[in-house]
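To start, the structure under review is shown below, and the notes come after it.
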Amino acid sequence: MKTQERYDAVAIALHWSIAFLIVAAFGLGLTVDEFPKAWERPVINLHALTGLTVLVLSFIRLFWRLAHPAPELPLTMSPLARSAAKIGHVGLYVLMIAVPIIGVPTLLYRGRSLDFGLFQIASPFARTPEIFRPLTEAHEVASYALIGLAAAHVLAALYHQHIRHDDLMARMSPRRGGS
Ligand code: HEM
Ligand code: HEM
Numbered sequence: 239m240k241t242q243e244r245y246d247a248v249a250i251a252l253h254w255s256i257a258f259l260i261v262a263a264f265g266l267g268l269t270v271d272e273f274p275k276a277w278e279r280p281v282i283n284l285h286a287l288t289g290l291t292v293l294v295l296s297f298i299r300l301f302w303r304l305a306h307p308a309p310e311l312p313l314t315m316s317p318l319a320r321s322a323a324k325i326g327h328v329g330l331y332v333l334m335i336a337v338p339i340i341g342v343p344t345l346l347y348r349g350r351s352l353d354f355g356l357f358q359i360a361s362p363f364a365r366t367p368e369i370f371r372p373l374t375e376a377h378e379v380a381s382y383a384l385i386g387l388a389a390a391h392v393l394a395a396l397y398h399q400h401i402r403h404d405d406l407m408a409r410m411s412p413r414r415g416g417s
């Protein structure tokens, strides 16, 4: 059965921009040690700015979503599958916001400043306080949870597209013209 309703253009633009930026932030976070030592500071700064953009866009997206309800899930989905989809989406929203928020103290407690180009936010800490380690671990674990959940989400989308054939992907597709 085909679903006619789609997410609106704003939700679709935000979905794909945020997905791209999360993958970029994750890639930069994982590979920061692979760059030459002199690049460490700009790479971490780029990582932080990418992550902060995710944070801002995710808040906009959350408010947009609360004002513009999502299209109904296909009737062919079982109640269990619907609940799983809804819980999964809530989990993604929570982690999209929590991961970059935890990133801010991870950065500042390490004594690093945030460089926005036009202005800087200096770290108030000259030395790395003890709390740095658990915070870094929390940031790392939460970011793995985000990527893990996003991977399950992609598998679910592919399952709908190629096994259920219910055209769910078209609801979030940037193509114009609908399903
Ligand atoms: C969606 C957003 C984000 C994702 C997916 C993400 C992911 C990651 C990952 C995977 C690491 C490597 C963890 C490790 O191996 O130790 C990392 C490290 C780090 N992240 Fe993020 N992060 C995000 C946002 C932020 C933000 C907004 C900030 C700061 C404002 C930040 C600051 C840091 C810092 C300081 C490190 C440690 C880098 C180092 O010195 O090794 N992150 N992040
Ligand atoms: C980091 C990557 C991603 C994140 C964080 C993410 C997050 C989300 C969230 C939170 C929703 C729920 C939207 C709402 O109801 O407000 C959603 C929906 C959706 N996403 Fe993603 N997504 C990601 C990547 C992808 C990718 C790569 C695909 C395609 C393979 C995809 C396909 C979809 C589809 C088809 C929907 C609509 C589901 C429905 O019709 O209810 N997403 N995504």
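Whatever position you read off the sequence shown (first residue = 1), add 238 for the working numbering. Quick reminder that beta carbons are idealized off the backbone N, C-alpha and C, glycines included. Remember, predicted model here, so these are calculated numbers, not experimental data.
Own chain partners of residue i with C-beta closer than 7 Å, once the 5 adjacent residues on each side are dropped
i	result
L492	Residue 492 falls outside the range modelled here, since the chain spans only 239 to 417, and no answer is possible.
Residues of its chain near residue i, where Cβ-Cβ distance is below 8 Å and the 5 sequence neighbours each way are ignored
i	result
A262	T288
A251	P412
S351	Q358, I359, A360, S361
Pairwise C-alpha distance: residue j and residue i
i	j	result
P367	H285	22 Å
G349	R371	13 Å
L259	F363	29 Å
L290	P338	6 Å
G416	T269	Here the model assigns G416 a pLDDT of 45, short of 50, so the residue's position is not dependable, and the following value carries that caveat. Rounded to the nearest angstrom, the two C-alpha atoms are 39 Å apart.
A322	A389	15 Å
I340	E378	9 Å
W302	A308	10 Å
P274	F354	22 Å
V342	A319	35 Å
Supposed close pair residue i, residue j - CB separation, criterion 8 Å
i	j	result
R279	A408	About 43 Å; that fails the 8 Å criterion.
T344	L384	About 15 Å; that fails the 8 Å criterion.
S296	I335	5 Å
M479	H253	Only positions 239 to 417 of the chain appear in the structure, and residue 479 is not among them; the question remains open.
Residue i beta carbon near ligand 4 (any heavy atom closer than 8 Å)
i	result
A276	Although ligand 4 was asked about, the structure shown includes only ligand 1 and ligand 2 as ligands.
Let me know the alpha helix (DSSP H) ranges lying completely inside the stretch 326-408, each 4 residues or longer, listed in chain order. 370-397
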